[in-house]
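Protein chains in written order, with this note's numbering: chain A, 1 to 163; chain B, 1001 to 1165; chain C, 2001 to 2118. Beta carbons: idealized from backbone N, C-alpha and C, even for Gly.
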Amino acid sequence: MGIEALADRLGENVLTTTLGKVVGWGRANSVWPAQFGLACCAIEGLMHTAGPGFDIGRFGSEAMRASPRQSDLMIVTGRVSQKMAPVLRQIYDQMPEPKWVISMGACASTGGVFNNYAILQGVDKIVPVDVYIPGCPPRPEDVLNALMILQEKIKAQGIKPRI
Amino acid sequence: MTALNLPPGVVDHGVIAGAEWISVLREQIRATLANLKSQGFESYVFMTCVDHLATPEVEKPPERFELVYQLRNMRSHQELRVRVFVPEGDPRAPSAHDIYSPANWDERETWDMFGIRFEGHPDLTRILMPDDWVGHPLRRDFPVGGEPVDFSEDHEVWQTAPPEA
Amino acid sequence: MLSDYVPLLIYAVIVVAVVGLLITLSYVMGPSKPYRSKLLPYESGIVPKVPARQRMAVRFYLTAMLFIIFDVEAIFFYPWAVLLHQLRWYGVIEMFVFIAILAVALAHIWRKGGFEWE
Chain A
1 MGIEALADRL GENVLTTTLG KVVGWGRANS VWPAQFGLAC CAIEGLMHTA
51 GPGFDIGRFG SEAMRASPRQ SDLMIVTGRV SQKMAPVLRQ IYDQMPEPKW
101 VISMGACAST GGVFNNYAIL QGVDKIVPVD VYIPGCPPRP EDVLNALMIL
151 QEKIKAQGIK PRI
Chain B
1001 MTALNLPPGV VDHGVIAGAE WISVLREQIR ATLANLKSQG FESYVFMTCV
1051 DHLATPEVEK PPERFELVYQ LRNMRSHQEL RVRVFVPEGD PRAPSAHDIY
1101 SPANWDERET WDMFGIRFEG HPDLTRILMP DDWVGHPLRR DFPVGGEPVD
1151 FSEDHEVWQT APPEA
Chain C
2001 MLSDYVPLLI YAVIVVAVVG LLITLSYVMG PSKPYRSKLL PYESGIVPKV
2051 PARQRMAVRF YLTAMLFIIF DVEAIFFYPW AVLLHQLRWY GVIEMFVFIA
2101 ILAVALAHIW RKGGFEWE
């Protein structure tokens, strides 16, 4: 007797799904960002978005962890200077898998207005980025939009079990 | 100069945009700062440097680099600027960190950005740029850097979205 | 009387089962890609230059040891206090002998300077 037959017998009291969908749903709805506020975008993207007006908590991301060991998402908010770049890479490295990166703002995506020797011209030179948000600064709704795009990406990723 | 005893060794003085300044020789800078501090200029505001490589010839100062110290007397409400000229071929200056301790980091920044060595400084290392950076970025002959950007105005055909979008 | 504790047993079994399930699920389904940079101790993004295990003053160990000894002694008071009524005079005298033995030890440590911090 297959799963479908069993489900027919039990009627509407049973939901069937795949493990990948469940895990994807769980991962997408509880993305914990790391507190990686570098510059002005941190005010909009981390502080205002976590505040009551725009409320990133309804997406499950209210727990912005201080330690990269406990976070899945690194929202690079702000310009990355040459001196900060190795630190950013180290913190990215210390996040456990699965991890994602959102590059928020023009400075994190491409260097922004600062096209000079001191600022890294885009954080994708050192970490792989999943979603880019243009803007200077982007509105908190843009950050939520990027988070929703990332959630679709996470759900589509599925799982690769070790056994 | 309102009720200010000019310390010995002042080469020049004047007023620019309402700010009083005095100019001293490089060898006199420590004595001047100590004298001013004992006169009541105990508040050190900042120390910075100017690179006169691009200054027009009519106003060209004697040397390439100019150190500027801004001091403040909180009791008599006076501000004073001390200017020192440092030659390009010999970019050294005595350190003032034991007279005014905030000068410690300003001298590190001036070393990092302009390349002026401060003698007697306990730890003259880069403070803004990474430790292995080559060059002194705020000098006028240091390139701005960055990467070339492909602006749409450099192209014959404007790169905009098609009208259907 | 022992049957009063059956709910606790069921609870313990459920706890072990749930925790075991969570750990097993995360082992099976969680990705594991360790590399050297990831395994470094977290120090706000800089690479640690000084090892975390360094020499430590022995007085911390001494304080901990003294605390353990006298804390265990204090623990012995509790069952004694519960059963004191049944033990009558014999219990009181026995406890005083116990305290006296440990007081000798206390006096010895005090004289030897074990309670000095520096």
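Closest residue to residue i among the options (Cα-Cα distance)
i, options, result
"L1071/B", "P1061/B, F1065/B, V1082/B", "V1082/B"
"M1047/B", "P1007/B, Q1078/B, W1111/B, D1012/B", "W1111/B"
"P1102/B", "E1042/B, G1009/B, A1017/B", "E1042/B"
"V1011/B", "Q1039/B, V1084/B, G1018/B, E1079/B", "V1084/B"
"D1141/B", "D1051/B, G1018/B, I1016/B", "D1051/B"
"A34/A", "L150/A, V101/A, E44/A", "V101/A"
"G2045/C", "G53/A, E44/A, K83/A", "K83/A"
"G2114/C", "I2093/C, F2077/C, V2058/C", "V2058/C"
"Y117/A", "T1125/B, E1107/B, R1075/B, V1144/B", "V1144/B"
"D1090/B", "F1065/B, P1008/B, P1056/B, W1133/B", "F1065/B"
"G1009/B", "G1018/B, V1024/B, V1058/B", "V1024/B"
"K125/A", "I159/A, M95/A, L88/A", "L88/A"
"M1074/B", "I1127/B, R1126/B, V1134/B, V1045/B", "V1045/B"
Contacts around residue i, its chain only, beta-carbon distance under 7 Å, and the 5 residues preceding and following it disregarded
i, result
"I2101/C", "none"
"F114/A", "R79, C107"
"C40/A", "G78, P137"
"Q1039/B", "N1005"
"A63/A", "W32"
Where residue i falls: helix, strand or coil (DSSP)
i, result
"G24/A", "helix"
"H1013/B", "strand"
"A2100/C", "helix"
"P1094/B", "strand"
"A42/A", "helix"
"C107/A", "helix"
"V2119/C", "Limits of chain C in this structure are 2001 at one end and 2118 at the other, which puts residue 2119/C out of reach."
"M2001/C", "coil"
"V1024/B", "strand"
"W100/A", "strand"
"P2007/C", "helix"
"A1080/B", "It is Leu, not Ala, that sits at residue 1080/B in the sequence shown. If DSSP states are grouped into helix, strand and coil, L1080/B belongs with the strands."
"L15/A", "coil"
"H1151/B", "Looking at the sequence shown, residue 1151/B is not His but Phe. F1151/B: coil per DSSP, three-state reduction."
"Q2054/C", "coil"
"Q1070/B", "strand"
"P140/A", "helix"
"L147/A", "helix"
"T2024/C", "helix"
"P33/A", "strand"
"I154/A", "helix"
"Y132/A", "strand"
"R1075/B", "coil"
"D2071/C", "helix"
"M2029/C", "helix"
"L73/A", "strand"
"F59/A", "helix"
"F2077/C", "helix"
"I1029/B", "helix"
"S1043/B", "strand"
"Q67/A", "First, the residue type needs correcting, since residue 67/A is Ser and not Gln in the sequence shown. S67/A: coil per DSSP, three-state reduction."
Integer-rounded CB distance, given that residue j should sit under 8 Å from residue i
i, j, result
"R1139/B", "G1115/B", "7 Å"
"L147/A", "F36/A", "Incorrect: roughly 15 Å between the Cβ atoms, too far for contact."
"P1122/B", "M1129/B", "Their Cβ separation, rounded to whole angstroms, is 20 Å, which puts P1122/B and M1129/B out of contact at 8 Å."
"S67/A", "Y2042/C", "6 Å"
"I119/A", "S81/A", "6 Å"
"A42/A", "K155/A", "With a Cβ gap of about 27 Å, A42/A and K155/A do not count as contacting."
"G135/A", "G105/A", "6 Å"
"V23/A", "M2029/C", "6 Å"
"I1022/B", "L1080/B", "7 Å"
"E1109/B", "F1118/B", "Actually they are not in contact, since the Cβ atoms of E1109/B and F1118/B sit about 11 Å apart, beyond 8 Å."
Close-in-space but distant-in-sequence residues of the same chain around residue i (CB under 8 Å, 5 per side omitted)
i, result
"I1099/B", "R1030, L1033, A1034, K1037"
"I3/A", "T16"
"M1001/B", "Here M1001/B scores only 44 on pLDDT, less than 50, and its place in the model should not be relied on; the value that follows carries that caveat. Here the set comprises H1013, E1020."
"I2075/C", "none"
"E97/A", "none"
Residues near residue i by beta carbon distance below 6 Å, same chain, minus five either side
i, result
"S103/A", "V76, S109, V123, V129, Y132"
"T49/A", "I56, P140, V143"
"F2098/C", "none"
Inset, instruction - Anything in the stretch 2041–2056 of chain C with a Cβ closer than 7 Å to a Cβ of chain A? List those residues in chain order, please. - result: Y2042, G2045, I2046, V2047
Legend entry - Cβ-based contacts, 7 Å cut-off: residues of the stretch 1137–1153 of chain B near chain A: P1137, V1144, G1145, G1146, E1147, V1149
Inset, instruction - Would you list, in chain order, the members of the stretch 2005–2037 of chain C that have their beta-carbon closer than 8 Å to a beta-carbon of chain A? - result: Answer set for the stretch 2005–2037 of chain C: Y2027, V2028, M2029, G2030, P2031, S2032, K2033, Y2035, S2037.
Inset, instruction - Closer than 8 Å, Cβ to Cβ, to anything on chain D: give me those residues from the stretch 1112–1130 of chain B, in chain order. - result: Of the chains in the structure shown, none is chain D; the protein chains are A, B and C.
Inset, instruction - Can you give me, in chain order, the residues of the stretch 82–115 of chain A that have a beta carbon less than 9 Å from any beta carbon in chain B? - result: Q82, K83, A85, P86, T110, G111, F114, N115
Legend entry - Near-chain C residues of the stretch 61–79 of chain A (beta-carbon distance less than 8 Å), N- to C-terminal order: Residues S67, P68, R69.
Inset, instruction - Pull out every residue of the stretch 7–24 of chain A whose Cβ sits closer than 7 Å to any Cβ of chain C, in chain order. - result: V23
Inset, instruction - For the stretch 119–147 of chain A, enumerate the residues whose C-beta is nearer than 7 Å to any C-beta of chain B, in chain order. - result: Q121
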